[in-house]
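For the sequence shown, the positions run 407 to 469 when our numbering is used. Glycine included, C-beta positions come from ideal geometry on N, C-alpha and C. Input: a single structure, listed below in structure tokens.
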Amino acid sequence: MPRTARASVGGVCYHVINRGNARQEVFRKRGDYKAFIDLLNRACERIAMRVLGYCVMPNHALC
Numbered sequence: 407m408p409r410t411a412r413a414s415v416g417g418v419c420y421h422v423i424n425r426g427n428a429r430q431e432v433f434r435k436r437g438d439y440k441a442f443i444d445l446l447n448r449a450c451e452r453i454a455m456r457v458l459g460y461c462v463m464p465n466h467a468l469c
């Protein structure tokens, strides 16, 4: 069952985690990491979002 949508408020910091199902690997190759970071950069440009830091590991990413 999906989660209920949450309200998002501008001007505050959020801790975002994206994890694979059952903690399986999401990023297997160097290109996977680069693709995620490129996508994150494009999202920042598109919705005027700032990322203060991120960490991408084989089975999850923190922003």
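*Just how far apart, CA to CA, sit GLY417 and TYR439?*
Here residue 417 refers to the residue found at position 11 when the sequence shown is read from its first residue. Here residue 439 refers to the residue found at position 33 when the sequence shown is read from its first residue. Computed Cα separation, rounded: 28 Å.
*asked:* For ASN424, list the residues DSSP reports as bridge partners.
replied: Taking the first residue of the sequence shown as 1, we reach residue 424 at position 18. DSSP, once it has assigned bridges, lists ALA467 as partnering ASN424.
*asked:* Quick check on CYS419: does DSSP put it in helix, strand or coil?
replied: Here residue 419 refers to the residue found at position 13 when the sequence shown is read from its first residue. Residue state, collapsed to three classes: coil.
*Exposed or buried, which one is ALA467 when buried takes at least 16 other CB atoms within 10 Å?*
Position 61 of the sequence shown, counted from the first residue, corresponds to residue 467. Burial is judged here by how many other beta carbons sit within 10 angstroms of a residue's own beta carbon; ALA467 has at least 16 and is buried.
*Do VAL457 and LEU446 have their C-beta atoms closer together than 8 Å?*
In the sequence shown, the residue the question calls residue 457 occupies position 51. In the sequence shown, the residue the question calls residue 446 occupies position 40. Contact flag set, yes.
*asked:* Checking the sheet assignment: what are the DSSP bridge partners for CYS461?
replied: As a first step, residue 461 is located in the sequence shown; it is residue number 55 there, counting from the start. DSSP, once it has assigned bridges, lists LEU468 as partnering CYS461.
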